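Peer 1:
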Amino acid sequence: MSNIDWLGAFLIGLAGAGHCMGMCGGIASAVALNGRQSSFQITLLYNFGRITSYLVIGALIGGTVASSVSVFDSTHFLTILRAIAAVMILLLGLYLAQWWNGLLRIEKLGQYLWKFLSPIAAKMIPLRSPWYAYPVGMVWGWIPCGMVYSMLSWAAVSGSAINGLLIMGCFGLGTLPAMILIGAGSAKYSQFFRSSIIRRVIGSLMIAYSIYSIFLLVK
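Just so you know, we're using numbering that gives the first Met the number 0 here: the sequence shown kicks off at 0 and counts up by one.
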């Protein structure tokens, strides 16, 4: 992995802010309503909790796949995973560019796990203290999300637990600006992060990257 991969993950998070607002904006706003004086602290803790979940699952998937390939010397298995990752990035690019929403269908795969996790977060709201926003964010990091699944496929073929962690961390940081704004009630300014031009430019780059990745696999 290189700095370009990490920058790409960050830009995907930034460009996907509109989707993040739809998925997590409601709970972020509800959590932040715990009190005006602590709303910014609550918003930060909630989002740091969410990103923590991304870091954990990114490291687990990246490390597990890298270890499995090393132990079993299964380069064929890794090639299949890279092909899946390329397709997922292609779907993500089409979604970000607002050309096809097929990625949303993949979100349904995580609904079964979410049925068990969502009641845990619900029991912690309203917050007993601002610090409760952190575990709420950690739980909410597991909400079914096609964008997260696409990034996890990238983390899976990153080559190590550290690389998987960095990919998901950069993605999470990319979503942070818009989520902080909407959590603080600045929906007016958060429109910037929904710019169609930004989404289509980054989406097009993702599509080109995925096609190039597939070309390298089949040549």
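For glycine and all other residues, C-beta sits at the position ideal for the given N, C-alpha and C.
For clarity, every value in this text was computed on a predicted model and none was experimentally measured.
Am I right that residue 46 and residue 175 are in contact with their C-beta atoms under 8 Å? What's the rounded C-beta distance?
Peer 2: Residue numbering aside, residue 46 sits at position 47 when the sequence shown is read from its first letter. Residue numbering aside, residue 175 sits at position 176 when the sequence shown is read from its first letter. At roughly 6 Å, the Cβ-Cβ gap stays under 8 Å, so residue 46 and residue 175 are in contact.
Peer 1: How far does the alpha helix (DSSP H) with residue 145 in it extend, from its first residue to its last?
Peer 2: On the sequence shown, residue 145 is found 146 positions in, with the first residue counted as 1. Unbroken alpha helix (DSSP H) run through residue 145: 145-155.
Peer 1: Please state if the CB of residue 90 and the CB of residue 101 are separated by a distance shorter than 7 Å.
Peer 2: Locating residue 101 in the sequence shown gives position 102, where the first residue counts as 1. Locating residue 90 in the sequence shown gives position 91, where the first residue counts as 1. Yes, they are a contact pair.
Peer 1: Where residue 60 and residue 181 are concerned, what is the direct C-alpha to C-alpha distance, given to the nearest angstrom?
Peer 2: The sequence position of residue 60 within the sequence shown is 61, counting from 1. The sequence position of residue 181 within the sequence shown is 182, counting from 1. Each residue's alpha carbon lies about 30 Å from the other.
Peer 1: Whole angstroms are fine: how far does the CA of residue 199 sit from the CA of residue 80?
Peer 2: Taking the first residue of the sequence shown as 1, we reach residue 80 at position 81. Taking the first residue of the sequence shown as 1, we reach residue 199 at position 200. Rounded to whole angstroms, residue 80 to residue 199 spans 26 Å at the Cα level.
Peer 1: Check whether the stretch 54-73 and the stretch 159-177 touch, using three or more Cβ-Cβ pairs below 8 Å as the test.
Peer 2: Touching, yes.
Peer 1: Can you say whether residue 153 is buried or exposed, counting buried as having 16 or more other CB atoms within 10 angstroms of its CB?
Peer 2: In the sequence shown, residue 153 corresponds to position 154, counting from 1. Flag for residue 153 reads buried.
Peer 1: Return yes when the Cβ of residue 209 is within less than 7 Å of the Cβ of residue 219, no when it is not.
Peer 2: Outside the displayed span of the chain (0 to 218) sits residue 219, for which this structure offers no information.
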